[in-house]
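**Q**
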Amino acid sequence: MTDTTPPIYLGLEGVYAAESKICKVDGTAGKLWYRGYPIEALAANSNFEETAYLLLYGKLPKRPELDAFTGQLKSNRDIPDNVKSIIKTSVGKAPPIDILRTAVSALSAEDKELTDSSPEANMRKTIKLIAKTTTIVAAIGRMQSGKDYVKPDNNLSHADNFLYMLSGSRQDKKAVKLIDLMFILHAEHSTNASTFASMVTASTLADIYASVTTGIATLKGPLHGGADEAALKMMRSIGDPSNTETYINDALAGKQKIMGFGHRVYKTYDPRAKILKAWLTDIDNIAAGDQKRLTQITLIAEKLMIDKLGQSHGIWPNIDFFAGPLYTWAGIPPELFTPIFGAARTVGWCAHILEYWEHNKLFRPLEIYTGPLDLEYVPIDKRK
Ligand code: CMC
């Protein structure tokens, strides 16, 4: 490296790569807005369908607009037979997030509009993707427990229908509300790794199925969407609330990262995590047995971590810290946490892809080459 070497921003930290009107994250104040609306207002008053409309179209819908959009989502819920077969032959062999990735990729084979890149066709594909990713996740959950696919019920909302397709029966209102909230909170989060990855694919003018497939692949890792499952695994290995302090101390002494803590942008409490903590505290009041132990471990670990790393290091809980114990309360198995995240984030991926295509520019960063040059080519038999 010389004085004239251009700076490298590892992990593109601090680099602005696009303009967007979709989402603002204020990592210092701990605030989040979708299309200008505070996340707290949407969490308290909206539902997934309305929030998805807002993110895609840039405004809150009037009643007829929401009814039409909800109708389009419902009519696109069912999944083709080729996708059901992929799920059936993959469960038990591949993790659900990989099956989701493969199944979404396979959806393109059944879309007659695949090569139509008009904005209208891309919006229709977006609606299909939002509807079908959720059905795919429910189908994976069903089939991995050896049960048959449950057809969507178009009398039910997105969240209610998801739990119905997953469990085969109607679930109580509080569980439906929680899943709806999870879908709202996970729907969008600016240029996080998976959204950026899907935009990179889209910038080559590959189609929206290819771009969303990239998003799912990128979401998988434990530094991103996979943190929800990893955080629950950690809480399970703690086992009993009385072990929490020793576990956290040992983990930090061993330089181990605590999953569900820290964020590239938030240097304070993630506002989505605050909303989920209120839910978890509420459930802690009524929980018993295993759920109570899990809830207690989570709340004790949160307090310990904030005392040790909050103000001093800017490492605070993120959305993934509380997601697992809440999903567990709603009866969702851990390996479905990240696929649910992906089904919800399909909205954000597509919103960003559609927006970026309005002024598309191929993503193609540079790197500084640090290897040798002009080496002599030696034929294979003469190499020493
Ligand atoms: N536990 C303990 N130490 C941490 C943690 C953590 N969860 N997160 C960051 N640190 C430390 C890290 O060890 C490093 O310390 P040092 O400077 O001494 O080496 C310092 O903080 C900076 O960490 P970094 O990983 O270089 O920072 P980043 O901005 O690249 O990382 C992050 C952000 C999310 C990858 C990181 O905080 C992390 O790995 N957290 C755990 C995984 C997680 O919860 N991910 C979900 C993110 S939110 C949902 C989503 O968008 O997917």
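In the working numbering, the protein residues as written are 92 to 475.
Here a beta-carbon is modelled for each residue, glycine too, at the ideal position from N, C-alpha and C.
Return the residue from the list K394, D375, G380 that minimises the CA-CA distance to T386.
**A** D375
**Q** Determine the closest residue to Y418 out of I227, R215, T429, with distance taken between C-alpha atoms.
**A** T429
**Q** How close, in whole Å, do the beta carbons of I352 and N409 come, if the pair is a contact with beta carbons under 8 Å?
**A** Looking at the sequence provided, one finds Phe at residue 352 rather than Ile. About 7 Å; that satisfies the 8 Å criterion.
**Q** Would you kindly work out how many angstroms separate the C-alpha atoms of V116 and Y125, rounded to a whole number?
**A** Taking the straight line from one Cα to the other gives about 9 Å.
**Q** Cβ of F352 versus every heavy atom of the ligand CMC: is any distance shorter than 6 Å?
**A** yes
**Q** Tell me which residue opens and which closes the alpha helix (DSSP H) that L220 is part of.
**A** 210–235
**Q** Start and end of the alpha helix (DSSP H) containing Y125?
**A** It is not in any alpha helix (DSSP H) - Y125 instead sits in the beta strand (DSSP E) that spans 122–125.
**Q** Have a look at T225 and V469 and give me their C-alpha separation to the nearest angstrom.
**A** 55 Å
**Q** Go ahead and label H280 buried or exposed: buried means 16 or more other beta carbons lie within 10 angstroms of its beta carbon, across all protein chains shown.
**A** buried
**Q** Near E393, what residues of its chain come up, given a Cβ to Cβ distance below 6 Å and the 5 sequence neighbours on each side ignored?
**A** P408
**Q** Excluding the 5 residues flanking D175 on each side, which residues of the same chain have their C-beta closer than 7 Å to its C-beta?
**A** The displayed chain sequence assigns Lys, not Asp, to residue 175. For K175, where only same-chain residues beyond five positions count, the Cβ hits under 7 Å are A230, Y240.
**Q** Would you say the beta carbon of I349 is closer than 6 Å to some non-hydrogen atom of the ligand CMC?
**A** yes
**Q** Any idea if S403 is buried or exposed, counting beta-carbon neighbours within 10 angstroms, 16 or more meaning buried?
**A** The residue in question, S403, is exposed, as its Cβ has fewer than 16 Cβ neighbours within 10 Å.
**Q** When you compare the segment 429–445 with the segment 212–226, are there three or more beta-carbon pairs, one atom per stretch, that lie closer than 8 Å?
**A** yes
**Q** Going by DSSP in three states, A434 sits in which element: helix, strand or coil?
**A** Assignment of A434 by DSSP, reduced to helix, strand and coil, places it in the helix class.
**Q** Consult DSSP for F352 and reduce its assignment to one of helix, strand or coil.
**A** strand
**Q** Determine, using beta-carbon pairs with one atom in the segment 303–310 and one in the segment 177–193, whether at least three such pairs fall under 8 Å.
**A** yes
**Q** Determine the direct distance from the alpha carbon of P463 to that of R474, and round the result to whole angstroms.
**A** Rounded to whole angstroms, the gap between the alpha carbons of R474 and P463 is 18 Å.
**Q** How far does the alpha helix (DSSP H) with K394 in it extend, from its first residue to its last?
**A** 380–396
**Q** My output table needs one value for P408: the three-state DSSP class, helix, strand or coil.
**A** strand
**Q** Just tell me which of Y360, A369, G422, L146 has its CA closest to the CA of Y255.
**A** G422
**Q** Taking the alpha-carbon positions, what's the Y460 to H450 distance?
**A** Taking the straight line from one Cα to the other gives about 30 Å.
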